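Note sheet for the following structure.
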Amino acid sequence: MEDMRDAMLVGRNSAGKRVLRPTSPHVQVYRWKITMAQSILHRATGIALGVGAVVLVAWLFAAASAPSVFAPVQAAIASPLGLLVLFGFTVSLFYHLAAGLRHLAWDTGWGFEKPEFNATSLWIFAFAAIASVFVWVIGFFLV
Amino acid sequence: MTLETKPDSLQHRVMQSPLGRARGLGSGQSGAGTWKLERVTSVALVPLSLWFVYVVLHLAHADYATTRYFIGEKVHAVLFLALIVSLFPHLALGLRSVIEDYVRNDLPKFLYLFAVNAGCVLLALAAAISVIKLAI
Numbered sequence: 000m001e002d003m004r005d006a007m008l009v010g011r012n013s014a015g016k017r018v019l020r021p022t023s024p025h026v027q028v029y030r031w032k033i034t035m036a037q038s039i040l041h042r043a044t045g046i047a048l049g050v051g052a053v054v055l056v057a058w059l060f061a062a063a064s065a066p067s068v069f070a071p072v073q074a075a076i077a078s079p080l081g082l083l084v085l086f087g088f089t090v091s092l093f094y095h096l097a098a099g100l101r102h103l104a105w106d107t108g109w110g111f112e113k114p115e116f117n118a119t120s121l122w123i124f125a126f127a128a129i130a131s132v133f134v135w136v137i138g139f140f141l142v
Numbered sequence: 000m001t002l003e004t005k006p007d008s009l010q011h012r013v014m015q016s017p018l019g020r021a022r023g024l025g026s027g028q029s030g031a032g033t034w035k036l037e038r039v040t041s042v043a044l045v046p047l048s049l050w051f052v053y054v055v056l057h058l059a060h061a062d063y064a065t066t067r068y069f070i071g072e073k074v075h076a077v078l079f080l081a082l083i084v085s086l087f088p089h090l091a092l093g094l095r096s097v098i099e100d101y102v103r104n105d106l107p108k109f110l111y112l113f114a115v116n117a118g119c120v121l122l123a124l125a126a127a128i129s130v131i132k133l134a135i
């Protein structure tokens with residue numbers, strides 16, 4: 000036993016016999032599932048949106064400062080790289096929004112059956128893609 | 000290691016009673032509040048984030064003066080503040096769950112959590128003071 004935590008994995012089976020509690024195998028042992036991908040994507044997009052929040056604060060702070068501060072921030076956001084990152088934020092936002100709504104639905108107990116799960120998974124990807132393209136089409140052609 | 004082969008050795012090596020183990024692993028007492036805050040902020044962020052997408056589109060080609068005027072309008076300023084007070088607690092809780100899952104040792108875990116919480120507070124205050132400055 001190398002660690003106190005190993006001791007926490009001790010339990011008793013229904014016969015009262017002391018056994019090691021079951022542990023998950025390493026993630027690479029599992030066959031890749033959409034559930035795993037979407038769990039990781041929800042976190043990844045959440046972290047990406049955290050970076051986006053920093054950009055938001057920089058933008059608000061610059062707007063509240065002098066024009067000489069605002070100009071470079073706006074120029075950075077409007078640069079090709081800035082727009083690419085902004086597109087990434089857009090996809091992240093719509094993905095996280097849709098997946099987050101499903102999390103709220105799960106909280107009510109709805110959506111754990113396989114047919115529902117597969118359907119909502121597709122809807123989340125479709126919504127993220129369509130909403131992102133929709134917003135950027137508006138941004139490029141109508142604004 | 001199979002524990003069935005030496006069932007009694009464990010009790011001697013781990014200096015902890017079952018009660019102590021239960022206390023150490025039990026409820027943190029504030030879990031329900033954390034859970035609820037995560038849900039409340041996520042519900043609030045649904046309309047607020049859609050509104051924010053509208054704001055970004057609206058201000059896509061706006062200059063300095065127009066941007067300042069728009070943010071400073073009372074309705075927009077209130078919604079920006081609502082966004083800020085929903086977003087940063089939500090971000091802090093989300094990052095916390097990631098850190099608690101992947102950082103095993105106590106000191107790095109504490110330092111990361113401290114950095115995330117302090118960073119979120121400072122970012123939220125910087126954003127709020129910027130909006131308030133433009134609004135008054």
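In the order they appear, the protein sequences are chains A and L. Its first residue numbered 0, the first sequence is counted upward by one per residue in numbering that gives the first Met the number 0. Its first residue numbered 0, the second sequence is counted upward by one per residue in numbering that gives the first Met the number 0. Note that the Cβ used here is the ideal one computed from N, Cα and C, for glycine as well. A quick note: this is a predicted structure, and the numbers were derived from the prediction, not measured.
Proximal chain L residues relative to Ala52/A, where beta-carbon distance stays under 8 Å: Leu86, Phe87, Leu90 and Leu122
Does Val90/A get closer than 9 Å to chain L when you measure Cβ to Cβ? no
Interface residues of chain L around Val142/A at Cβ under 7 Å? Leu56, Ala59 and His60
Helix, strand or coil at Gly138/A according to DSSP, with G and I counted as helix: helix
Beta bridge counterpart(s) of Gly45/A as assigned by DSSP: Answer is none; Gly45/A lacks a bridge partner.
List, from N- to C-terminal side, the alpha helix (DSSP H) runs of 4 residues or more that fit wholly inside the stretch 43-108 of chain A. 66-77 and 79-106
Can you give me, in chain order, the residues of the stretch 113-126 of chain A that have a beta carbon less than 7 Å from any beta carbon in chain L? none
Rounded to the nearest angstrom, how far is the Cβ of Ala52/A from that of Leu90/L, given a contact under 8 Å? 6 Å
Classify Leu60/L: buried if its beta carbon has 16 or more other beta carbons within 10 angstroms, exposed otherwise. Contrary to the premise, residue 60/L reads as His rather than Leu in this sequence. That one is exposed.
Output, in sequence order along the chain, the residues in the stretch 58-69 of chain A whose CB is closer than 7 Å to any CB in chain L. Leu59, Phe60, Ala62, Ala63, Pro66 and Phe69
Quick test of the definition: if touching needs 3 or more C-beta pairs under 8 Å, does the stretch 37-49 of chain A touch the stretch 87-107 of chain L? yes
Consult DSSP for Ala127/A and reduce its assignment to one of helix, strand or coil. helix
Determine the chain A residues that contact Val97/L at a beta-carbon separation under 9 Å, and present them in chain order. Arg42, Gly45 and Ile46
Whole beta strand (DSSP E) runs in the stretch 54-129 of chain L with 3 or more residues, listed along the chain? none
Can you grab the Cα-Cα spacing for the pair Leu80/L / Ala127/L, in whole Å? 6 Å
Cut-off 6 Å between Cβ atoms - residues of its own chain near Leu133/L, not counting five sequence neighbours on either side: Arg67, Ile70 and Gly71
Roughly how many angstroms lie between the CA atoms of Ile39/A and His95/A, to the nearest whole one? 11 Å
Contact residues within the stretch 83-110 of chain A, judged by C-beta distance below 9 Å to chain D: Any reference to chain D falls outside this structure, whose protein chains are A and L.
Can you tell me whether Arg20/A is helix, strand or coil according to DSSP? coil
Between Pro6/L and chain A, is there a C-beta pair that is closer than 9 Å? Only weak support exists for where Pro6/L lies, its pLDDT of 49 falling under 50; the value from the coordinates is given anyway. Yes, Pro6/L counts as interfacial toward chain A.
If the criterion is Cβ atoms closer than 9 Å, does the pair Val68/A and Ser131/A meet it? no
Which of the three DSSP states, helix, strand or coil, is assigned to Gly15/A? coil
Among Gly99/A, Gly138/A, Phe139/A and Leu103/A, the one whose alpha carbon lies nearest that of Ala127/A: Gly99/A
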